[in-house]
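All letters in the sequence shown, in the order written, are residues 158 to 323 by this note's numbering. Written below as C-alpha cells is the structure these notes are about.
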Amino acid sequence: MMQKLIRYLHLIKPLAFDFLVTNLTQEHELLSKIHKLIEYRKNGLTRMAQINIYKELSAKREKYLKIRPLGSSTFRIIESSKPRMNVCNLPGFQKLDYDERELCAQIKMLPESYLKFKELLINECEKSKGIILKTARSLVKIDVNKTRKIYNLLMSKNIIWQHSQD
158 MMQKLIRYLH LIKPLAFDFL VTNLTQEHEL LSKIHKLIEY RKNGLTRMAQ INIYKELSAK
218 REKYLKIRPL GSSTFRIIES SKPRMNVCNL PGFQKLDYDE RELCAQIKML PESYLKFKEL
278 LINECEKSKG IILKTARSLV KIDVNKTRKI YNLLMSKNII WQHSQD
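Next up, the structure:
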C-alpha cells in the first residue's frame, strides 16, 4: 500500500502525507476489527467476554480436526451435538429406568408417550407370540428411526421378542 501512495508524495506536503498514511492504516485496522466482530456475531457471540472462550474452543477444534484419523465420520460429532430433551420433570418420568430415560431424551419423546408405545408393543408381542420391526412400525405410527430405537431397546431388555421359528 505504501508503494502505491509514494507516487502521490510530490502532490501533497510531507506532513499531510504522514497524516494520510496514518489515517489509512487506522482505517484498515478498524475494518479488519469490524470483520472479526461480524464473524463473531454470525457465530452467535453477543458479548465481548465470550470471544476468548470462542477463540480457545476454535483452536481446540482446529487441533482436533488436524489429528483425527482419516476417514473418521463426522456423523458422530453431529449426532452428539444435537440438543437433548430434558425429560426430568415430565409426566411418566419416574416410571422409566435409566436406559429408557436416556432414550426418551435422545429421541425427544415424552415419557408418557414412550410408556404407551411400550405397552402397545408388549401387548402385541404377547398376543401374537412375538413381534417383528415391521409390525412395530405399523402399530406405533411414528418416525421409523424412533420406532427402531424403541424396538431395539425393548428387544435388548428381553421385554419383547421376535416370532419363534416353529
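From the three backbone atoms N, C-alpha and C, an ideal C-beta is built for every residue, glycine too.
Start-to-end residues for the alpha helix (DSSP H) that takes in residue i
{"i": "ILE316", "result": "Looking at the DSSP string, ILE316 is not in any alpha helix (DSSP H), and its letter there is neither H nor E."}
{"i": "HIS167", "result": "Neither: HIS167 is in no alpha helix (DSSP H) and is coded neither H nor E."}
Cut-off 7 Å between Cβ atoms - residues of its own chain near residue i, not counting five sequence neighbours on either side
{"i": "GLN207", "result": "none"}
Buried versus exposed, by CB contacts within 10 Å (16 or more), residue i
{"i": "VAL301", "result": "exposed"}
{"i": "LEU311", "result": "buried"}
{"i": "PRO171", "result": "exposed"}
{"i": "MET266", "result": "buried"}
{"i": "PRO268", "result": "buried"}
{"i": "ALA293", "result": "buried"}
{"i": "THR304", "result": "buried"}
Contact check, residue i vs residue j, beta carbons under 8 Å
{"i": "ILE289", "j": "GLN319", "result": "yes"}
{"i": "TYR211", "j": "LEU222", "result": "no"}
{"i": "LEU327", "j": "LEU277", "result": "This structure cannot speak to residue 327, because the chain is shown only from 158 to 323."}
{"i": "GLU257", "j": "TYR271", "result": "yes"}
{"i": "PHE274", "j": "ILE317", "result": "no"}
Chain-order list of residues whose beta-carbon lies under 8 Å from that of residue i (same chain, five-residue window excluded)
{"i": "VAL178", "result": "MET159 and LEU162"}
Beta-carbon proximity list for residue i, same chain, < 6 Å, skipping 5 on both sides
{"i": "PHE174", "result": "LEU166"}
Worksheet item: Per the contact definition of three or more C-beta pairs closer than 8 Å, is the region 250-264 in contact with the region 278-291?
Response: Too few Cβ pairs lie closer than 8 Å, so no.
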